[in-house]
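Below is one structure, written out as structure tokens; the observations come after it.
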Amino acid sequence: MTPQDISDLIVRTSMKDRAAFDLLYRQTSAKLFGVCLRVLKDRGEAEEALQEVFVKIWTKADRFAVSELSPISWLVAIARNHAIDRIRARREPAAYIDAALDVADPAPGPEAAAVAGGESGRIHRCLDELEKDRAAAVRGAYLDGESYAELAARHDVPLNTMRTWLRRSLLKLRECLER
85 MTPQDISDLI
95 VRTSMKDRAA
105 FDLLYRQTSA
115 KLFGVCLRVL
125 KDRGEAEEAL
135 QEVFVKIWTK
145 ADRFAVSELS
155 PISWLVAIAR
165 NHAIDRIRAR
175 REPAAYIDAA
185 LDVADPAPGP
195 EAAAVAGGES
205 GRIHRCLDEL
215 EKDRAAAVRG
225 AYLDGESYAE
235 LAARHDVPLN
245 TMRTWLRRSL
255 LKLRECLER
């Protein structure tokens, strides 16, 4: 099966075409199972993960961008990330115990809050010196947590252009803050 055939199946799956989803499963499940098994190192858990991966594919097929990635890379990324998430989920209870032992108040003291307030004003003034679209991109990436891909789509620029915008904007911000 060619990458174009797999892309077509994903697109049809995004339109909730069950026959396409069935064929996509039959054509790619062995490879995706191998990915899950390699990460999880347990056959039973890999089988469970594979089923969850295909549920994700069914619900998120509309997010596949035909031109950006090869279709199998997109599917493998979903499987790999899901398997890694399962490993992380196993480790969570220990992290909660460690966090419970740390009872110090993480909030800044009054002196640190006053300094941070002044820094905030300087940062906003420096942001205002940037071009409007660059400042919006910096705010989106570093204050709102948007991904580079989301920002590139919103500003209708290529992903690498967005990376360049952000890097150059951060350099200008640093220069402004050092004045």
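Just so we're on the same page, the numbering used here is the position in the sequence shown counted from 1, plus 84.
C-beta atoms are modelled at their ideal positions from N, C-alpha and C, and glycine is treated no differently.
In this structure, the beta-carbon distance from R170 to A114 does not fall below 8 Å.
Using a 10 angstroms sphere on the CB of I168, the tally of other CB atoms stays under 16, which defines it as exposed. Boundaries of the alpha helix (DSSP H) around T248: L243 to E262. Rounded to whole angstroms, L108 and R218 show a C-alpha spacing of 41 Å. Across the structure, I90 and A149 are spaced so that their CA atoms are roughly 12 Å apart. Judged by DSSP secondary structure, L235 falls within the alpha helix (DSSP H) whose first and last residues are Y232 to H239.
Take A236, set aside five residues on each side of it, and the residues of its chain with a beta-carbon closer than 8 Å to its own are P242, L243, T245 and M246, in chain order. For R218, the uninterrupted alpha helix (DSSP H) segment begins and ends at K216 to Y226. Counting of Cβ neighbours within 10 angstroms places H208 among the exposed residues, the total staying below 16. Pairing C210 with L257 gives a Cβ-Cβ distance under 8 Å. Around the C-beta of V137, 16 or more other C-beta atoms lie within 10 Å, and the residue is accordingly described as buried. The DSSP-derived three-state label of G128 is helix. Bounds of the alpha helix (DSSP H) holding D92 are P87 to S98. Residue state for A104 is assigned as helix, using DSSP reduced to three classes.
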